[in-house]
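Report on the following structure.
Numbering (UniProt numbering), first residue to last: 1 to 374.
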């Protein structure tokens with residue numbers, strides 16, 4: 001049996017053989033250049049011969065009889081294009097469903113989660129992923145240690161080595177007022193912004209009350225500043241943690257703030273990269289801090305900071321910052337000459353080196369799919 005198909009001024013002649021049911025196998029046997037009128041005349045001849053056809057310039061349908069059954073076979077560009085488009089849309093739909101399932105299972109990486117696009121979007125398990133990412137920025141920052149006794153507070157911090165050849169080390173300790181300062185871990189730009197904010201608050205308080213801003217009030221103001229950036233859309237959390245050290249009428253204070261807006265009052269603490277080793281050292285010795293002198297307190301802070309260094313790197317005047325504040329002593333960052341007497345010949349004894357913390361399985365910051373019973 002022969003079939004005709006006209007396309008772009010040419011007549012394609014096919015022969016096809018029925019296989020099973022309505023399926024057939026076609027083979028091109030001729031290609032003729034005929035006008036539309038000749039093509040229609042030829043089709044009329046076929047219809048008189050017993051083949052029923054419906055013809056258009058884009059497609060051709062034929063109806064014939066096999067095994068006492070009427071079978072319709074369609075050929076044409078319209079059907080082929082429509083079939084290809086339908087197949088492409090089907091494949092695209094499958095890919096979308098696959099990506100959606102991967103997102104629901106949390107298999108698309110740390111930053112491919114449907115609940116981490118905004119700080120005001122809660123996950124089904126009650127988590128704010130943007131805040132957790134900001135905490136990771138703090139944990140990956142250079143280490144900082146704070147400790148206090150009954151009269152003084154000491155801050156020590158590691159400065160990042162410069163990337164460029166002629167660049168300087170980034171400062172990690174900032175003076176906020178005569179009686180207060182802070183050390184940072186995380187994004188330095190965010191830390192500088194918060195330092196300017198606290199300086200402005202201290203100046204306003206001094207102008208209004210003619211006295212130093214109390215340390216608990218400063219810590220509360222900083223916590224509220226953190227909160228404003230995670231309670232409204234359009235802002236991101238601060239990717240920096242602070243150790244606020246100061247002295248007021250109630251004595252020395254050491255506060256630790258985190259991107260979630262929480263504020264903690266500590267006797268001694270550490271933050272930043274490998275800070276767990278520093279906290280382990282402080283936990284063993286903090287009970288003796290209230291009765292020790294300033295020089296001894298500085299050495300304890302340096303030993304805790306040395307425990308947080310990578311590969312046993314030595315502390316020197318270029319990569320270490322020491323700051324003190326206390327009774328009768330305004331907040332000051334020690335100069336290189338003043339810090340040299342603590343850093344020269346500084347070496348930890350083997351018994352002071354804390355054991356390596358056990359490798360804990362890191363929690364994946366991705367939402368797990370919930371099994372909901374119907």
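Every residue gets a Cβ at the ideal spot worked out from N, C-alpha and C, and that includes glycine.
Remark: C-beta atoms of residue 286 and residue 134 do not approach each other more closely than 8 Å. Non-local C-beta neighbours of residue 190 in its own chain, meaning closer than 6 Å and more than five positions away in sequence, comprise 238, 239, 240, ordered along the chain. Residue 155 is bridged by DSSP to 146, 323.
In the structure shown, residue 290 falls within a helical segment according to DSSP collapsed to helix, strand and coil. Closest option to residue 235, judged by alpha-carbon separation, among 123, 96, 131: 131. The three-state secondary structure of residue 131, taken from DSSP, is helix. Secondary structure at residue 197: helix, using DSSP grouped into helix, strand and coil. Secondary structure of residue 300 (DSSP, three-state): helix. Comparing C-alpha distances from residue 290 to each of 256, 88, 262, 147 shows the shortest one belongs to 147.
Between residue 149 and the set 330, 222, 326, the nearest pair of CA atoms involves 326.
Per DSSP, the beta bridge partners of residue 248 are 251. Judged by DSSP secondary structure, residue 269 falls within the beta strand (DSSP E) whose first and last residues are 268-271. Here DSSP, grouped into helix, strand and coil, assigns residue 191 to helix.
The alpha-carbon separation between residue 211 and residue 205 amounts to approximately 7 Å. Counting along the chain, the unbroken alpha helix (DSSP H) around residue 223 starts and ends at 215-228. Between residue 152 and residue 294, the C-beta gap is smaller than 8 Å, which places the two residues in contact. Taking a C-beta distance under 8 Å as the contact criterion, residue 271 and residue 138 qualify as a contact pair.
Rounded to whole angstroms, the gap between the alpha carbons of residue 260 and residue 242 is 12 Å.
Your pair residue 123 and residue 172 does not check out as a contact, with CB atoms roughly 33 Å apart and the cut at 8 Å. Looking at the DSSP output, residue 329 shares a beta bridge with 326. Judged by their CB atoms, residue 253 and residue 262 are not nearer to each other than the 8 Å cut-off.
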